[in-house]
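Down below is the structure, laid out as structure tokens.
Protein chains: 2
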Amino acid sequence: MKCRVCRGPAVIDLPRHNANFCPEHFFQLCRRQVERAIKDFTMLEPGDRVLVAVSGGKDSLALWDLLVELGYEADGLYIGLGIGEYSDESLGYCQRFADERSLSLKVISLRSDLGYDIPTAAAATRRVPCSACGLTKRHLFDSAALEGGYSVVATGHNLDDEAAVLFGNTLRWDIEYLARQLPVLPARPGFPKKVKPLVRLTERETAAWCILRNIDYIVEECPMAAGNRHLGYKAALNAIEDQSPGTKASFYLNFIERMSPILANGDLAEREGLGSCTRCGSPTPSEVCAFCVLVEKSTRHEPVPVEFIARRAGSGGRR
Amino acid sequence: MKCRVCRGPAVIDLPRHNANFCPEHFFQLCRRQVERAIKDFTMLEPGDRVLVAVSGGKDSLALWDLLVELGYEADGLYIGLGIGEYSDESLGYCQRFADERSLSLKVISLRSDLGYDIPTAAAATRRVPCSACGLTKRHLFDSAALEGGYSVVATGHNLDDEAAVLFGNTLRWDIEYLARQLPVLPARPGFPKKVKPLVRLTERETAAWCILRNIDYIVEECPMAAGNRHLGYKAALNAIEDQSPGTKASFYLNFIERMSPILANGDLAEREGLGSCTRCGSPTPSEVCAFCVLVEKSTRHEPVPVEFIARRAGSGGRR
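Chains R and H, in that order, give the protein sequences.
When you read off a place in the first sequence, starting at 1, and then add 32, the result is the number in our numbering.
When you read off a place in the second sequence, starting at 1, and then add 32, the result is the number in our numbering.
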């Protein structure tokens, strides 16, 4: 197996590119895919201060690594979700990554700083854990970016993630969610710009990036996500990708290119008319935003152990 | 296992309806689903003369049976595609069905009447067989309906078919194909109205209809379709349906309800500007229509045996 570029020994085969690569030219390919996503979708500009949402997993650490490599000023923000040992371990991976590279990592602990955790929030709000978690993370990343003077929040969503979410939204033809599924959300009053620079890389590629770059990451999936529909959508797309390499990339990228523009108008109209949350000031269609409602319910609820929730975790495919 | 309606012994479970049915109430459910499709999409009106495209398979014979049962004047049209024994056998099923019910069946033989067959057309035009077949059938059903004074052509596409085609078109975000994927195509100059009354029934349900109604049908799949992408799409959707019964129906029906209207405008514009084929008079954007080009190439080509083509059959997912 030889590298397509230099004919040296290859370490990875990428069927959708119909080629094999040595570490050096695999790194080059990954960098180019990220640069292309950043350029095509106008994600970042020179001088941007980027806040990277890091979880300790392969995607977010690869993203932070790539952005620093590409010359961006990028700090990390880790949110301790209080999901038992999984959370304790995942913080360790983030902290070691930052320390070894002298990067700045901010840490928010839901339990210490806000008085709740995700298992408790799921129970208190009767949301599925992935929903309570997504709402929490979106709010805290947004507010931390605005307070810290960051111009952009970057998240590690990869091609598999985006394709699976797109598939879920497509299976329901949820027009509102489809219209919002973009690799860039521009800044609006009360919201920072949000970007997903890894949308052109698969999760196999981000894993290989970490392994070949000696980045240690948490391999386990979140115990609360087990069995959610999102994983079923990934499996279905992977079965098709095996038969026809490249299907996943064209599914996602053709959607962005051809379908998003058709859906764009309706969404913009829907976004006007947002007021401010009377408690935290965040934009919301209601008097009190969904995050503040979640915090109120969750902090009043007695703590719920992870094991109590993980078994009955369900959906979580939307975003 | 008891029938949901009468509590008598049930013979079939339908997870997406979360219920079991005895033969009588299963028939009632099928009739109601077909009536609802006909009504919701304004497919047929009293007095319509319907030409049913029959292949000898479960779907088209169930459709013919259902339309006659529901009181429509429906004749059958069978096209002998020249796919070896498969074609010979499939005609037999259609003829016996018609004879037993004193229904009128018209038969066109590609080889005898037009001088080619599908394996030869696939080779001569370098199309995948499903593409040569689809083009041939569309043209011949359209022209037979117009010449025979039929107001509508009805085809046996079921929910699984439509969902799989929709999935394929969605994976590519082929906007033009998506815009055209409707359960009813209205009559236009040179084209009869075309309807798919079985879009609310799955292929398991049409098979059960035939078995319980003692309709003998050809069970084998067309040997030229083996391995096409369409079957991969069906398998992927079935895997998701098993986890979440009802997903397939909501995928297709929500598309028709929510997405088709958004896509409709572009398609209408694209359809104007059709001229007439200088050979057959059919509407076409070119001087000679695709069907006449296929006939010309295929009739000049020496006959190709089925076995020569079936092995390398590929795609065919679009329509």
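Positions of the beta carbon are idealized from the N, C-alpha and C atoms, including for glycine.
If the criterion is Cβ atoms closer than 8 Å, does the pair residue i and residue j meet it?
| i | j | result |
| --- | --- | --- |
| GLY114(H) | ARG159(H) | no |
| SER276(R) | ARG261(H) | yes |
| LEU137(H) | ALA130(H) | yes |
| ASP107(R) | LEU76(R) | no |
| CYS62(H) | GLU237(H) | yes |
| PRO224(R) | LEU178(R) | yes |
| ALA164(H) | LEU326(H) | yes |
| LEU98(H) | VAL66(H) | yes |
| GLY89(H) | ILE250(H) | yes |
| GLY166(R) | ASP91(R) | no |
| PHE53(R) | ALA69(R) | no |
| LEU230(H) | LEU95(H) | yes |
| ASP248(H) | ARG133(H) | no |
| LEU233(H) | LEU172(H) | no |
| TYR265(H) | ALA211(H) | no |
| ARG290(R) | ILE288(H) | no |
| PHE323(R) | PRO151(R) | no |
| ARG332(H) | VAL320(H) | no |
| LEU244(H) | PRO47(H) | no |
| ALA176(R) | LEU109(R) | yes |
| SER308(H) | PRO315(H) | yes |
| ASP174(R) | VAL184(R) | no |
| CYS162(H) | ALA257(H) | yes |
Over the uninterrupted beta strand (DSSP E) stretch that includes residue i, give me the two end residues.
| i | result |
| --- | --- |
| LEU53(H) | At residue 53(H) the sequence reads Phe, which differs from the Leu that was named. Residues 51–53. |
| SER163(R) | Here SER163(R) belongs to no beta strand (DSSP E); instead the alpha helix (DSSP H) covers 161–180. |
| GLY200(H) | No beta strand (DSSP E) holds GLY200(H); the alpha helix (DSSP H) holding it covers 191–204. |
| GLU105(R) | 105–112 |
| ASP45(H) | 44–46 |
| VAL185(H) | 184–186 |
| VAL82(R) | 81–86 |
| LYS34(R) | Unbroken run through LYS34(R): none, as it is neither H nor E. |
| LYS226(H) | 225–227 |
Give the single residue among the options whose Cα lies nearest to the Cα of residue i.
| i | options | result |
| --- | --- | --- |
| LEU217(R) | GLU208(R), ILE207(R), LYS228(R) | LYS228(R) |
| ALA85(H) | ASP120(H), PRO78(H), ARG170(H) | ARG170(H) |
| GLY313(H) | ASP120(H), ALA51(H), GLY222(H) | GLY222(H) |
| PRO255(R) | ARG245(R), TRP241(R), PRO337(R), ASP80(R) | PRO337(R) |
| LEU295(R) | GLU253(R), TRP205(R), ALA69(R) | TRP205(R) |
| TYR284(R) | CYS242(R), ASN201(R), ALA42(R) | ASN201(R) |
| HIS49(R) | SER330(R), GLY278(R), PRO55(R) | GLY278(R) |
| GLU253(H) | ASN246(H), LEU46(H), GLU235(H), GLU334(H) | GLU235(H) |
| ALA240(R) | ILE207(R), PHE340(R), GLY40(R), HIS57(R) | HIS57(R) |
| GLY181(R) | ALA257(R), VAL100(R), ARG81(R), PHE73(R) | ARG81(R) |
| LYS329(R) | ASP149(R), GLU121(R), ASP45(R), LEU109(R) | ASP149(R) |
| PHE59(R) | TYR118(R), CYS242(R), THR316(R) | CYS242(R) |
| GLU121(H) | ALA268(H), SER87(H), SER175(H) | SER87(H) |
| PHE73(R) | GLU101(R), ILE111(R), ARG220(R), LYS226(R) | LYS226(R) |
| LEU263(H) | LEU263(R), ALA257(R), ALA271(R), ALA258(R) | ALA271(R) |
| PRO293(R) | THR157(R), GLN213(R), GLY103(R), LYS280(R) | GLN213(R) |
| GLY103(R) | TYR118(R), PRO78(R), ALA219(R) | PRO78(R) |
Over the uninterrupted alpha helix (DSSP H) stretch that includes residue i, give me the two end residues.
| i | result |
| --- | --- |
| GLU237(R) | 235–244 |
| VAL327(R) | 322–332 |
| VAL100(R) | 90–101 |
| ALA211(R) | 207–212 |
Worksheet item: Which residues, in chain order, does the segment 212–229 of chain R contribute to contact with chain H at a C-beta distance below 7 Å?
Response: none
Discussion item. Which residues of the segment 255–275 of chain R have a Cβ closer than 9 Å to any Cβ of chain H? Give them in chain order.
Written reply: ARG261, GLY264, TYR265, ALA267, ALA268, LEU269, ALA271, ILE272, GLN275
Practice prompt. Pull out every residue of the segment 275–287 of chain R whose Cβ sits closer than 8 Å to any Cβ of chain H, in chain order.
Written response: GLN275, SER276, THR279, SER282, PHE283, ASN286, PHE287
Fill in: Proximal residues, the segment 49–81 of chain H versus chain R, C-beta separation under 8 Å
none
Item to complete: Could you pull out every unbroken alpha helix (DSSP H) segment of at least 4 residues lying fully inside the segment 248–312 of chain H, listed in chain order?
Response: 261–275, 279–286, 292–303
Worksheet entry | Under 7 Å (Cβ pairs) to chain R, residues found in the segment 193–204 of chain H | THR202, LEU203, ARG204
Worksheet item: What residue ranges within the segment 122–157 of chain R form continuous beta strand (DSSP E) runs of no fewer than 3 residues, ordered along the chain?
Response: 137–141
Worksheet entry | Where the segment 137–156 of chain R meets chain H: residues whose CB sits under 9 Å from a CB there | none
Worksheet entry | Residues in the segment 231–251 of chain R having any Cβ partner in chain H nearer than 7 Å | none
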